[in-house]
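S.K.: The following block contains the structure, expressed as structure tokens.
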Amino acid sequence: METRKRGMQSKIEKYDLVEATLNLLKVIPKMTYQQICDEINSIGAVPEDDRITVDNLTHFVRAMPDVRKEVMLANKQHMRKVVFDSAEFDMLGHLKEMAARTAFMINTMEEMAFDEGTIPDPKGYKALSSELRETLKQIEGIHKEIYDMEIVREFLMEVVKTLKDVSPEALPTFVQRMRGKRENSHIVSELLKGGIK
């Protein structure tokens with residue numbers, strides 16, 4: 700680990716708590732600096748009159764480039780996971796919002812040019828138009844995938860219903876085999892949520 704670039708040794712280094720502090724900085728769910736200070740003060744041989752404070756921790760993170768880099772990387776990975784794992788993240792809604800903003804910018808550019816008796820800036824206009832086209836293509840692609848998934852889901856529902864009627868003893872084997880394929884796990888979960896057990 701790269702040592703601090705300037706200044707004297709921090710209390711965290713002084714009490715040999717660098718590794719423990721780094722681990723706590725990267726823990727998920729993220730701890731507050733106060734919680735980290737409370738923890739390292741309790742695990743280290745830190746005298747009562749020389750407790751590590753939030754200010755000490757802040758200076759420690761800022762002064763050591765490798766620490767700062769590792770903490771930022773851990774936070775970035777966590778945020779990416781939160782965004783993509785979260786049911787609240789609506790990619791289609793986000794793309795539609797982007798398309799609406801881009802269309803608004805194009806309209807505004809056209810209106811301003813019209814009011815001034817000129818034509819819109821060609822480079823800016825082309826860039827916005829290209830961005831809008833690309834966003835609309837992505838929206839179309841997502842709509843197609845959703846439609847295709849719905850067809851697959853309906854097909855599998857029929858397969859499962861037929862299996863239940865014709866050969867109920869084969870249903871657990873079918874579900875198990877479907878679950879065994881990683882790409883099918885989401886579809887199977889959805890089917891089971893629908894009450895087919």
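Numbering (my numbering), first residue to last: 700 to 896.
Backbone N, C-alpha and C fix where the C-beta goes; we use that ideal spot for every residue, glycine too.
Quick one: grab the DSSP three-state call for residue 708.
M.R.: Position 9 of the sequence shown, counted from the first residue, corresponds to residue 708. Looking at residue 708 - three-state DSSP - the assignment turns out to be coil, as it is neither helix nor strand.
S.K.: State the DSSP-derived secondary structure class of residue 823, mapped to helix, strand or coil.
M.R.: Position 124 of the sequence shown holds residue 823. In the structure shown, residue 823 sits in a helix (DSSP, three-state: H, G or I).
S.K.: I need the straight-line Cα distance from residue 677 to residue 842, nearest angstrom please.
M.R.: Outside the displayed range of the chain (700 to 896) lies residue 677, so it cannot be described from this structure.
S.K.: What is the DSSP secondary structure of residue 716, reduced to helix, strand or coil?
M.R.: Within the sequence shown, numbered from 1, the residue matching residue 716 stands at position 17. Correct three-state label for residue 716: coil.
S.K.: Mapping DSSP to helix, strand and coil, what is residue 877?
M.R.: By 1-based counting over the sequence shown, the position of residue 877 is 178. Residue state, collapsed to three classes: helix.
S.K.: Return the CA-CA distance between residue 708 and residue 766, expressed in angstroms with no decimal places.
M.R.: For this step, residue 708 is matched to residue 9 along the sequence shown. For this step, residue 766 is matched to residue 67 along the sequence shown. Computed Cα separation, rounded: 15 Å.
S.K.: May I ask you to verify whether the stretch 853 to 871 touches the stretch 819 to 831, counting CB pairs closer than 8 Å and requiring at least 3?
M.R.: Judged by Cβ distances under 8 Å, the stretch 853 to 871 makes no contact with the stretch 819 to 831, as fewer than three pairs qualify.
S.K.: If we require 3 or more residues per run, which beta strand (DSSP E) segments fall completely within the stretch 723 to 781?
M.R.: None, since the stretch 723 to 781 contains no complete beta strand (DSSP E) of that length.
S.K.: Note down the Cα distance separating residue 768 from residue 714, rounded to an integer number of angstroms.
M.R.: What you label residue 768 is simply residue 69 of the sequence shown in a count that begins at 1. What you label residue 714 is simply residue 15 of the sequence shown in a count that begins at 1. The straight-line gap from Cα to Cα measures roughly 22 Å.
S.K.: Residue 791 to residue 852, Cα distance in whole Å?
M.R.: In the sequence shown, the residue the question calls residue 791 occupies position 92. In the sequence shown, the residue the question calls residue 852 occupies position 153. Approximately 20 Å between the Cα atoms of the pair.
S.K.: How many Å lie between residue 854 and residue 795 at the Cα?
M.R.: As a first step, residue 854 must be located in the sequence shown, where it is residue number 155. As a first step, residue 795 must be located in the sequence shown, where it is residue number 96. Approximately 29 Å between the Cα atoms of the pair.
S.K.: Of the choices 757, 744, 798, whose alpha-carbon is the least far from that of residue 721?
M.R.: Indexing the sequence shown from 1 puts residue 721 at position 22. Considering only alpha carbons, the answer is 757.
S.K.: Which whole-angstrom value describes the C-beta separation of residue 827 and residue 804, a residue pair presumed to lie in contact below a C-beta threshold of 8 Å?
M.R.: On the sequence shown, residue 827 is found 128 positions in, with the first residue counted as 1. On the sequence shown, residue 804 is found 105 positions in, with the first residue counted as 1. 6 Å between Cβ atoms; contact.
S.K.: Mapping the DSSP letters down to three states, classify residue 829 as helix, strand or coil.
M.R.: In the sequence shown, residue 829 corresponds to position 130, counting from 1. Residue state, collapsed to three classes: helix.
S.K.: Kindly give me the distance between the Cβ atoms of residue 808 and residue 824, rounded to whole angstroms, as I take these residues to be in contact under 8 Å.
M.R.: What you label residue 808 is simply residue 109 of the sequence shown in a count that begins at 1. What you label residue 824 is simply residue 125 of the sequence shown in a count that begins at 1. About 6 Å separates the two Cβ atoms, so the contact holds.
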